[in-house]
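Here is the structure we will look at.
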Amino acid sequence: MQGIASEKKALTFQELVFRLTKFWADRGCVLQQPYDVEVGAGTMSPDTFLRVLGPKPVRIAYTQPSRRPADGRYGENPNRLYRHTQLQLILKPPPENIQELYLESLQAMGIDLREHDIKFEEDNWEWPVGGAWGVGWQVMLDGLEITQFTYFQQCGGMDLDPICGEITYGMERIAQFLQDAPSIYDVVWAVEPDTGRKVTYGEIQLAGEQQWSAYSFDYADVPKLWEHLRLYEAECLELLERAKGFGEMDRLALTRFPVLGAYELALKCSHVFNLLDARGAISVTERVGVMARIRALVIGVAKAYAAQGEALSSMAS
Amino acid sequence: MAEFLFEIGLEEVPARMIAGAEKELRERVVAMLERERLVRAGVAAKSFSTPRRLAVWVGEVAARQADVREEMTGPAVKIAYKDGVPTAAAQAFAKKAGVEVSALKTVQTPKGEYLAATAVKAGRAAAEVIAEEMPKELAGIYWAKNMVWRAGRPERFVRPVKWLVCLLGNDTVPVSFAGKTAGRESRGHRVLHGDEPVPIVAPGEYEPALMTAKVMADVEARRHKIRKALDHVTRAGGRTSEPALRWREDHGLVDTVTHLTEWPTVVMGGFEPEFLPLPEEVLVTVMRDHQKYFAVERDGKLAAHFLTVLNTETDAKGEAVIRHGNEKVLHARFTDAKFFWEFDQRVPLTERVALLEKVTFQKELGSYAAKSERVRAVAKKLAEKSAKRSAKLDAAALDDAARLAKTDLTTDMVKEFTELQGEVGGLYARAQRHAEPVAAAIYDQYRPAGMEDRIPRTAEGQLLAISDKADTIAGMFGLGLEPTGSKDPFALRRAANGIVKILAEGGLPLTLGDVADAATADEKVRVKMEVFFAERLEFYLREAKGQAYDVVKAVLAAGANDVRDAVARAEAVTAVRGSEDFAAVSAAFKRMKNILAQAAEKGIKIEHGKAHAGEVHATQRQLADAAGKIGAQFKANAARHEYVPAMELIAGLRGPVDAFFDQVMVMDPDAAVRNARLALLAGLVETFSKIADFSEIVTAG
């Protein structure tokens, strides 16, 4: 059914990202860069996980390459990737017309709503390791899930007030859908303006998919991964222990205290866990215990972050 | 009198919650209006809903509450007036009644003259009452999951509230809730109508106004439209040269899509016939559970088509786009499934047994390989017992099935579609040419999934299912991980319920004691399991068999080991309990038990078969004779589980029993006479007790 997509020229992968980020920038969002530590989702970036805590309003958008080792398919599955690109949006507090804005953003990407079937189907996202959960929908476009739309209720084990609206787009899915490409690797990433050459997704990402999959399923050194986990965890716990002394710190020490550094160690633990899991190194029952350890780190960071913020504002007053 | 309309507009409500909330809103609104004397009982009311709104229409609402007149009595006239002047008491009463002192009346009572007054509670305007009461009713609606969204978290509701409409006649009623105030503007279909408000001129115009705005607010009309569209599109999609296509009925899915749409239409799509050889279980799980598609069949067999219900209507071009998108998604999912089906079978189930060493069942209980070995052993014991009791079964097939039952946990298909575990194992077993009884047993091993679900179809399947569940229960109990009041994380109750149901409805000659015995060598654990099973048998008799609480108690007191026997006894007791004869005998039985208990308390030992010199009272001899006459027949009936005739025999003893108690004193001063009478009673009680402890049966009066 090639005719359908070629009638209106579908946007390239790169144009879709431009269009969407510009759409949200025009509506007040700060465009942040993707976080540069391995994360499994845009939610795990501190630009979401920590910024949704506390009272400060936030309007922020960023693309976020998201690594999920267990989803690796050596570049052979046309629909599943080791690392996919989310477009993450946080609106805190959520505007009254957030759903209408979302639908407009789809139109900005060239989706004519009159030619498609859009449904908001119940899907309540949760991230137990982060003590986070919300209420919301998966947005279905002609049977394909393209967006997770969530009103966060809790994060880091704490009730949120104000809450935020989180909108997470799956960019590969959207591009593959709009371009009607049989495989993600056929998706046109960009068209060189001078030569007209089409640069495909495969050209940019296939090698990564092949090699990351091989690393996580076949090459990753399990004892060394456990050691990494242990070391990151220990260091994170030490920092969290020291964070208990906020009351005794002067302003400079308090401002500089590396809660964000502790969070990065926790993120490392989470990624190493995902690698161990993909490698088949964690049994079903062991899993519960390891996740509890990581949860303790992540929630500990969230609480330290909140405490740091409170300590700083009470110093100011 | 005027028509009334209320609508609350929301962001998309979960489909599973809408029907319950729609009903609750209607009931609350009507109850509130009745309570506030604004409608009469039985007033006409109708409710509406879509994913984005709940609404209620009520036919005749008064514009104002009627005044309420209440006759009040005050203090005695004696103390109300002093020298003709009203006292403080009179004034206080006048104030309480809301009237002038001069308007007070007097009334004669037996105790003398008292002050009286007619208090008039002025009726309030309906609009005022409704504005005050509606927010409370809205706040009270039950939601399985709700959320906060406004700063300060002032209220919880299922989703953010977007608008309110409230009309009494043609006037708006200013109901406020969640930061919104009601007006007369609703909203139409997001895409087909757009953001323009939809004014509702009068309550009766609600439905038509929304229809014009491409919203079908009446749920049953929408459901009907969906069903008709499914019929129509399926017919139109077939070719006249072939047998007709039919869509596969699925009431649950029809319900879901009804609650996912405001303006439904249906599109049929297709998939590659190369996927049809895949098992139907897999194809249908993907279509129904993952994509909410209806399956299509031709001559009862799955055809390479599906139906999807859209929340929009569009032209042929739009439909082509939507069809193509859905086909692509389904193709991708089926491709994965086909890949798994083929890739998984490169390693046949027999070669996966070793892989189970690496799959942990439970930390202390070891791997699934260890579990499978235990289950094999339990199954073997139970099979041997069953065979000894003449059950027909294929022990070799059972053993194979037990060995292979869990191997599907290592397959990609089960990792992707976890809900298909067991069934996928059975399908792979069949595809890999294992004997049919082996495949069927593996397929059914997790049944029954609940009280409504069927049990395994074959004896081997039943034994495998029982053995697997019993092993899990024994293992967890051994670790002290029994279920508590509110927590049962390993679903042990469900497992035990399954064992009871299989024994009740299958043909296996096994008791709960046999199962516990085979599952563990630890005496403490075995006892705990038996108690647990008895509890589950009680649950089964009450919930699945609908037996009354006292019947269940009585029947289980006589034995909670043989499930089918307990069921038969319960049914017999229930059948007979209504009869007068039975009630009388049951009462007599209680009496006998009490007497025997008294005797035991007094330390009196009963010696059976001890003859005594002296007269035997006529009624005593008649009772003994009557009991002796039915004795053999009773035993024969009981042995064949024919408890209704057995109970009828007992009921037939009513005459002799009544006569005996009327004329005879059991606790005769003569020890020998007393002993003979107690022995007679003890014999009767012992015999009847085999059916049930009749003293537990509640009789009227």
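Residue numbers (the working numbering), protein chains in the order written: chain A, 703 to 1019; chain B, 791 to 1491.
Ideal placement from N, C-alpha and C gives every residue a C-beta, glycine not left out.
Going along the chain, which unbroken runs of the alpha helix (DSSP H) with 4 or more residues stay wholly within the stretch 1082-1139 of chain B?
Qualifying alpha helix (DSSP H) stretches, in chain order: 1106-1134.
By how many angstroms is the C-alpha of residue 1093 of chain B removed from the C-alpha of residue 1067 of chain B?
Against the second sequence, residue 1067 of chain B aligns to sequence position 277. Against the second sequence, residue 1093 of chain B aligns to sequence position 303. Rounded to whole angstroms, residue 1067 of chain B and residue 1093 of chain B show a C-alpha spacing of 11 angstroms.
Nearest neighbour of residue 1009 of chain B, chosen from B/1185, B/1047 and B/1040 [CA to CA]
The count along the second sequence starts at 1 and reaches residue 1009 of chain B at position 219. The residue with the shortest Cα to Cα distance from residue 1009 of chain B is B/1047.
At which residues does the beta strand (DSSP E) containing residue 767 of chain A begin and terminate?
In the first sequence, the residue the question calls residue 767 of chain A occupies position 65. Going by DSSP, residue 767 of chain A is part of the beta strand (DSSP E) stretching over 760-769.
Assuming residue 1100 of chain B contacts residue 1149 of chain B (C-beta within less than 8 angstroms), just tell me the rounded distance between them.
As a position in the second sequence, residue 1100 of chain B is number 310, starting the count at 1. As a position in the second sequence, residue 1149 of chain B is number 359, starting the count at 1. The Cβ separation is near 42 angstroms, so there is no contact.
Neighbour flag for residue 816 of chain A against chain B, beta carbons, 8 angstroms:
In the first sequence, counting from the first residue as 1, residue 816 of chain A sits at position 114. It does: the Cβ of residue 816 of chain A has a partner Cβ on chain B nearer than 8 angstroms.
Who pairs with residue 1071 of chain B in a beta bridge, going by DSSP?
Locating residue 1071 of chain B in the second sequence gives position 281, counting from the first residue. Note: residue 1071 of chain B sits in no beta bridge, so no partner.
So that I know if they touch, is there some Cβ in chain A lying closer than 8 angstroms to that of residue 945 of chain B?
For the purposes of this step, residue 945 of chain B is taken as residue 155 along the second sequence, with counting starting at 1. Not a single CB atom of chain A sits nearer than 8 angstroms to the CB of residue 945 of chain B.
Where does residue 973 of chain A land, buried or exposed, given buried means 16+ other C-beta within 10 angstroms?
Position 271 of the first sequence holds residue 973 of chain A. Sixteen is the threshold: when 16 or more other Cβ atoms of the shown chains lie within 10 Å of the Cβ of residue 973 of chain A, as they do, the residue is buried.
Contacts that residue 1081 of chain B makes with chain A (C-beta to C-beta distance below 8 angstroms)
Reading the second sequence from its first residue, position 291 is the one you call residue 1081 of chain B. One finds 845 in chain A with Cβ atoms closer than 8 angstroms to the Cβ of residue 1081 of chain B, taken in chain order.
For residue 837 of chain A and residue 750 of chain A, I'd like the C-alpha separation in whole angstroms.
Start at 1 with the first residue of the first sequence, and residue 837 of chain A comes out as number 135. Start at 1 with the first residue of the first sequence, and residue 750 of chain A comes out as number 48. Taking the CA atoms as reference points, residue 837 of chain A sits about 16 angstroms from residue 750 of chain A.
Under 8 angstroms between the Cβ atoms of residue 808 of chain B and residue 1049 of chain B?
Translated into the one-based positions of the second sequence, residue 808 of chain B becomes position 18. Translated into the one-based positions of the second sequence, residue 1049 of chain B becomes position 259. Taking 8 angstroms as the Cβ cut-off, residue 808 of chain B and residue 1049 of chain B qualify as a contacting pair.
So who's on the other strand from residue 1444 of chain B, going by DSSP bridges?
Locating residue 1444 of chain B in the second sequence gives position 654, where the first residue counts as 1. None, per the DSSP bridge assignment.
Of the choices B/1166, B/1174, B/1312 and B/1322, whose alpha-carbon is the least far from that of residue 1255 of chain B?
The residue labelled residue 1255 of chain B in the question sits at position 465 within the second sequence. It is B/1166.
Close-in-space but distant-in-sequence residues of the same chain around residue 1432 of chain B (CB under 6 angstroms, 5 per side omitted)
Along the second sequence, one-based indexing puts residue 1432 of chain B at 642. Nothing listed; no residue qualifies.
Would you call the stretch 861-871 of chain B in contact with the stretch 1072-1084 of chain B, where contact means no fewer than 3 C-beta pairs closer than 8 angstroms?
At 8 angstroms Cβ cutoff, the stretches do not touch.
Contact between the stretch 827-834 of chain A and the stretch 897-911 of chain B (3+ Cβ pairs under 8 angstroms)
No, the stretch 827-834 of chain A does not touch the stretch 897-911 of chain B.
As a quick exercise: from A/957, A/993, A/765 and A/860, pick the residue whose alpha carbon is nearest that of residue 1018 of chain A.
Locating residue 1018 of chain A in the first sequence gives position 316, where the first residue counts as 1. Of A/957, A/993, A/765 and A/860, the residue nearest in Cα terms is A/957.
Specify the secondary structure class of residue 900 of chain A as computed by DSSP and reduced to three states.
The residue labelled residue 900 of chain A in the question sits at position 198 within the first sequence. In this structure, residue 900 of chain A counts as strand in the three-state DSSP scheme.
Measuring CB to CB, does residue 1103 of chain B end up less than 8 angstroms from residue 982 of chain B?
Numbered from 1 along the second sequence, position 313 holds the residue referred to as residue 1103 of chain B. Numbered from 1 along the second sequence, position 192 holds the residue referred to as residue 982 of chain B. Result yes, Cβ atoms of residue 1103 of chain B and residue 982 of chain B sit closer than 8 angstroms.
Min CB distance residue 754 of chain A to chain B below 8 angstroms
What you label residue 754 of chain A is simply residue 52 of the first sequence in a count that begins at 1. Chain B contact via Cβ: absent.
Any beta carbon from chain A within less than 8 angstroms of residue 1477 of chain B's own beta carbon?
Stepping through the second sequence from its first residue, residue 1477 of chain B is reached at position 687. Residue 1477 of chain B is outside the set of residues whose beta carbon lies under 8 angstroms from a beta carbon in chain A.
Can you pull the chain A residues whose beta carbon is under 8 angstroms from the beta carbon of residue 985 of chain B, in chain order?
The sequence position of residue 985 of chain B within the second sequence is 195, counting from 1. Neighbourhood of residue 985 of chain B in chain A, by CB distance below 8 angstroms: 802, in chain order.
Is residue 1238 of chain B buried or exposed, if buried means 16 or more other CB atoms sit within 10 Å of its CB?
For the purposes of this step, residue 1238 of chain B is taken as residue 448 along the second sequence, with counting starting at 1. By the neighbour-count rule (16 or more Cβ atoms within 10 Å), residue 1238 of chain B is buried.
Count the other CB atoms within 10 Å of the CB of residue 784 of chain A; is the residue buried (16 or more) or exposed (fewer)?
Here residue 784 of chain A corresponds to residue number 82 of the first sequence, with the count starting at 1. By the neighbour-count definition (other C-beta atoms within 10 Å, threshold 16), residue 784 of chain A is a buried residue.
Are the Cβ atoms of residue 941 of chain A and residue 960 of chain A separated by less than 8 angstroms?
As a first step, residue 941 of chain A must be located in the first sequence, where it is residue number 239. As a first step, residue 960 of chain A must be located in the first sequence, where it is residue number 258. Note that the C-beta distance between residue 941 of chain A and residue 960 of chain A is below 8 angstroms.
Nearest to residue 1377 of chain B by alpha carbon, out of B/1365, B/1451, B/1354 and B/1151?
By 1-based counting over the second sequence, the position of residue 1377 of chain B is 587. Measuring from the Cα of residue 1377 of chain B, the nearest candidate turns out to be B/1451.
What first and last residue would you give for the beta strand (DSSP E) that runs through residue 865 of chain B?
By 1-based counting over the second sequence, the position of residue 865 of chain B is 75. Where residue 865 of chain B is concerned, the enclosing beta strand (DSSP E) stretches over 858-866.
Quick check for students: name the residue ranges of the alpha helix (DSSP H) that lie wholly in the stretch 847-888 of chain A, counting only runs of 4 or more.
The DSSP assignment places 873-881 as complete runs of the alpha helix (DSSP H) inside the stretch 847-888 of chain A, in order along the chain (cut-off: 4 residues).
Residue 1487 of chain B versus residue 939 of chain B: straight-line alpha-carbon distance, rounded:
Position 697 of the second sequence holds residue 1487 of chain B. Position 149 of the second sequence holds residue 939 of chain B. Spanning the two alpha carbons is a distance of roughly 55 angstroms.
What do you get for residue 1276 of chain B, buried or exposed, if any count of 16 or more other CB atoms within 10 angstroms of its CB means buried?
Residue 1276 of chain B sits at position 486 when you count from the first residue of the second sequence. The residue is exposed, with fewer than 16 neighbouring Cβ atoms inside 10 Å.
Best match in B/1111, B/1325 and B/1260 for proximity to residue 1308 of chain B [C-alpha to C-alpha]
Residue 1308 of chain B sits at position 518 when you count from the first residue of the second sequence. Looking at the Cα atoms, B/1260 is the closest of the given residues.
Which same chain residues, not among the five before or five after residue 885 of chain A, have their C-beta less than 7 angstroms away from its C-beta?
Locating residue 885 of chain A in the first sequence gives position 183, counting from the first residue. Only 780 meet the Cβ criterion.
Quick check on the burial criterion: 16 or more other C-beta atoms within 10 angstroms. Buried or exposed for residue 807 of chain A?
Locating residue 807 of chain A in the first sequence gives position 105, counting from the first residue. Under the 10 Å beta carbon count, residue 807 of chain A is surrounded by 16 or more other beta carbons and is classified as buried.
Would you say residue 853 of chain A lies against chain B (beta-carbon separation less than 8 angstroms)?
Here residue 853 of chain A corresponds to residue number 151 of the first sequence, with the count starting at 1. Closer than 8 angstroms to some Cβ of chain B, the Cβ of residue 853 of chain A qualifies, so yes.
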